[in-house]
């Protein structure tokens, strides 16, 4: 199953557009944050689906850069997740990503288009 299968075309386009407008440093931070999250969540369908859920949340909120990925994991952590193990993994990934963002002096506020 393709994890982007249930993502509408407009959302996919907005994700791609964000990627195209990002500088190389922000692209690297995005990749690193997704990699850290997947190292906790697992790279199976559930882990990949969480990444897509975060991306969907970012785009729907008007995020102007995918480098804010770590800031949106908290949003997913606040949503009801019936799998308690997965809920714990989401919280753990959030803490790890907070540390990554602090270590790399990334903003703690979301970049949102107005």
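Residue numbers (the numbering used here): 1057 to 1170.
Cβ coordinates follow ideal geometry from the N, Cα and C atoms, glycine included.
| Item | Value |
| --- | --- |
| Answer yes or no: do residue 1096 and residue 1161 have a C-beta to C-beta separation smaller than 8 Å? | no |
| Determine the burial state of residue 1121: buried for a count of at least 16 other Cβ atoms within 10 Å of its Cβ, exposed for fewer. | buried |
| Hey, quick one: how far does the alpha helix (DSSP H) through residue 1067 stretch, first residue to last? | 1065-1077 |
| For residue 1119, does the three-state DSSP call read helix, strand or coil? | strand |
| What do you get for residue 1124, buried or exposed, if any count of 16 or more other CB atoms within 10 angstroms of its CB means buried? | buried |
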